[in-house]
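First up is the structure itself, then whatever we jot down about it.
Numbering (the working numbering), first residue to last: 1039 to 1745.
In structure tokens:
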């Protein structure tokens, strides 16, 4: 049902029935129950409607379930506190939206009636699902919220205006902002006007204590307002905070009674305790602004706004010294909205990274996250224009702003408008650098241009051409080499993934500033012993030509030897594969599984990982991934190039088919050797390919400190 039709029904039924000047409570109850009869408010989790699609990931749902299970029996995870003063129709609409919105987290509803005179309290008594707190005299928003917080049972307090309508998942995503990041002390929703226009994407507080709703009047799906980020404050119309923290702070400061600046003050109090205030765009709430307090600054509650601004300035004058002036914001609103960022970094790549599919994506995603962690404002621009899929949303959830400009004309417009605000531009891969290097240097003249090779493309093509002894491929590799080296010369900094590739470029272009940023992997650790494992595994995306060649080499040249030595052993091939590859390589003892979202089962159950690459460049994510699980690897010399791995110490290395199969057989049968290589592989990932190593490398390349 639309909000318009609901409002019409409420108005029709909301004509108060008077008997000798007194409200007929029975009539009022009947009209409310009639409006709400189509749905029932509940404090327990509501199952998601399968037809509407899931907006939370499996891990997010698990996190909410675990948080709920940690609560005592009968105690909800959240307490939704709704302060009300008259405007019964608004309260009914708010409660109806709450009852219909998809929610997984358990919650209670506390309505604090702050001395209403329109029969609100009498009406709400007919709703057993609502905990009603009645106050005889109107004391204002601050007092009502504090009273609701005192009565709350939930771990989290969620303050919600009664002139709001919540959307599906609003509560879950708001709570996730707090659950996922323990440094987050307060989270606020995206507020949208009833006509669909954006009302607020977090707030900015200027040095003179004036405040502004960022994004007001813009489109709510504009990527500037669609990523999770740290803000100065979030309007109290829809915010969440842990109950214990709220009580330690002392609740909303009563100096701001009856209302205004109490939410801004709460945000500053949270930050004064070393915690962050986060805007959560996934939590969407429609807000009928001004229905309670009005909009006239000279009358009603609104008249306290200027008085409270002075009180706020007096209390937080020292903290406000680091905030931008309103005049600067008028010149550069983008800088003001993220004034806590130490720099603005634009990263361009061919598409949004999909870490579950390839190591390059994993490296890119982790690089973006680590730059964000280091207080850079990070923008990601997928040049294929795909900014609406799951991969794009994952970036926004991680606090990365997306740039949507696929065409050449749109790219020029974006660079012309924003180029001078950039401090660094990272062009990832040759195709992107070739296309956008000139544009970036022209329209972002003060930015440092960084060419991220990912791997040296010309090196990979040269080796492939030599392997096939193909003259045409050699010419193609030579042309690619000229283009790639030209980008290195034009860039201020070039990133490579290994010491070997650094040496290659340094020899060719001694003047180039070349830095190493290797692959980045989680350390999963060894969870299953040698004796409880069996079979072999190859990891590799079939969209990458060296992987196709390696699987063919395995199936045709190596497996015949292994069949005579390891009877009954199966080779599992994991990675995105087309039907033609499945049919070509599958056999009785070779299983091509295709893409597998969670690799952990294969990493825990298989005994040896194989990497018989015959050509390629960069460092090999398949080797990193196996070692991060403590799974030993038999690899070719190309597969271990530049990875600080030694044959017999960290890995077994062989290139010829029979020698490779000998190494696999030896490792498969020798538990002591297996344990040694398992330990060494884990240590190699920790030392060279961990988040900590990447954090150190990025800190050297992109120095950061909070301003």
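Even for Gly, the Cβ is constructed at its ideal location relative to N, Cα and C.
Cα separation between residue i and residue j?
{"i": "residue 1665", "j": "residue 1695", "result": "23 angstroms"}
{"i": "residue 1412", "j": "residue 1561", "result": "21 angstroms"}
{"i": "residue 1483", "j": "residue 1522", "result": "22 angstroms"}
{"i": "residue 1636", "j": "residue 1574", "result": "17 angstroms"}
{"i": "residue 1279", "j": "residue 1199", "result": "15 angstroms"}
{"i": "residue 1097", "j": "residue 1143", "result": "14 angstroms"}
{"i": "residue 1383", "j": "residue 1433", "result": "15 angstroms"}
{"i": "residue 1594", "j": "residue 1569", "result": "29 angstroms"}
{"i": "residue 1415", "j": "residue 1386", "result": "14 angstroms"}
{"i": "residue 1435", "j": "residue 1226", "result": "14 angstroms"}
{"i": "residue 1101", "j": "residue 1108", "result": "11 angstroms"}
{"i": "residue 1263", "j": "residue 1551", "result": "36 angstroms"}
{"i": "residue 1486", "j": "residue 1535", "result": "20 angstroms"}
{"i": "residue 1124", "j": "residue 1349", "result": "28 angstroms"}
{"i": "residue 1474", "j": "residue 1300", "result": "47 angstroms"}
{"i": "residue 1055", "j": "residue 1129", "result": "Because the pLDDT of residue 1055 is 29, which lies under 50, any placement of that residue in the model is unreliable, and the question is left without a value."}
Determine the closest residue to residue i out of the options, with distance taken between C-alpha atoms.
{"i": "residue 1603", "options": "1359, 1495, 1703, 1246", "result": "1703"}
{"i": "residue 1682", "options": "1711, 1243, 1723, 1655", "result": "1723"}
{"i": "residue 1644", "options": "1352, 1669, 1625, 1651", "result": "1669"}
{"i": "residue 1728", "options": "1105, 1595, 1559, 1577", "result": "1559"}
{"i": "residue 1231", "options": "1275, 1294, 1305", "result": "1275"}
{"i": "residue 1224", "options": "1303, 1261, 1172, 1253", "result": "1303"}
{"i": "residue 1610", "options": "1592, 1599, 1616, 1618", "result": "1592"}
{"i": "residue 1410", "options": "1103, 1423, 1378, 1648", "result": "1378"}
{"i": "residue 1126", "options": "1157, 1423, 1103", "result": "1157"}
{"i": "residue 1292", "options": "1182, 1739, 1445", "result": "1182"}
{"i": "residue 1718", "options": "1671, 1570, 1342", "result": "1671"}
{"i": "residue 1513", "options": "1496, 1228, 1341", "result": "1496"}
{"i": "residue 1501", "options": "1247, 1147, 1698, 1515", "result": "1515"}
{"i": "residue 1171", "options": "1148, 1315, 1192, 1193", "result": "1148"}
{"i": "residue 1697", "options": "1596, 1601, 1738", "result": "1596"}
{"i": "residue 1449", "options": "1420, 1439, 1111", "result": "1420"}
{"i": "residue 1324", "options": "1306, 1300, 1372, 1273", "result": "1273"}
{"i": "residue 1347", "options": "1391, 1295, 1526", "result": "1295"}
{"i": "residue 1203", "options": "1606, 1326, 1707, 1548", "result": "1326"}
How far does the alpha helix (DSSP H) with residue i in it extend, from its first residue to its last?
{"i": "residue 1647", "result": "Note, residue 1647: premise wrong, no alpha helix (DSSP H); beta strand (DSSP E) at 1646 to 1649."}
{"i": "residue 1695", "result": "1695 to 1707"}
{"i": "residue 1287", "result": "1281 to 1287"}
{"i": "residue 1584", "result": "1583 to 1591"}
{"i": "residue 1354", "result": "Residue 1354 -> no alpha helix (DSSP H), and no H or E assigned at all."}
{"i": "residue 1111", "result": "Here residue 1111 belongs to no alpha helix (DSSP H), and DSSP marks it neither H nor E."}
{"i": "residue 1411", "result": "1397 to 1411"}
{"i": "residue 1213", "result": "1208 to 1218"}
{"i": "residue 1470", "result": "1468 to 1481"}
{"i": "residue 1542", "result": "1537 to 1546"}
{"i": "residue 1491", "result": "Here residue 1491 belongs to no alpha helix (DSSP H), and DSSP marks it neither H nor E."}
Report the partner residues of residue i according to the DSSP bridge assignment.
{"i": "residue 1663", "result": "DSSP output for residue 1663 lists no bridge partner at all."}
{"i": "residue 1344", "result": "Beta-bridge pairing links residue 1344 to no other residue."}
{"i": "residue 1359", "result": "Bridge partners of residue 1359: none, in fact."}
{"i": "residue 1486", "result": "1462"}
{"i": "residue 1419", "result": "1386"}
{"i": "residue 1610", "result": "1575, 1629"}
{"i": "residue 1152", "result": "1173"}
{"i": "residue 1238", "result": "1229"}
{"i": "residue 1267", "result": "1317"}
{"i": "residue 1196", "result": "1118, 1278"}
{"i": "residue 1689", "result": "1685"}
{"i": "residue 1251", "result": "1241"}
{"i": "residue 1554", "result": "1534"}
Within 10 angstroms of its Cβ, does residue i collect 16 or more other Cβ (buried), or is it exposed?
{"i": "residue 1639", "result": "exposed"}
{"i": "residue 1053", "result": "Caution applies to residue 1053, whose pLDDT of 35 falls short of 50 and renders its modelled position unreliable; the model cannot decide the point."}
{"i": "residue 1312", "result": "exposed"}
{"i": "residue 1613", "result": "buried"}
{"i": "residue 1288", "result": "exposed"}
{"i": "residue 1659", "result": "buried"}
{"i": "residue 1237", "result": "buried"}
{"i": "residue 1504", "result": "exposed"}
{"i": "residue 1517", "result": "exposed"}
{"i": "residue 1567", "result": "exposed"}
{"i": "residue 1509", "result": "exposed"}
{"i": "residue 1679", "result": "buried"}
By the DSSP assignment, the beta strand (DSSP E) with residue i in it spans what residues?
{"i": "residue 1631", "result": "1628 to 1632"}
{"i": "residue 1318", "result": "1314 to 1325"}
{"i": "residue 1228", "result": "1222 to 1230"}
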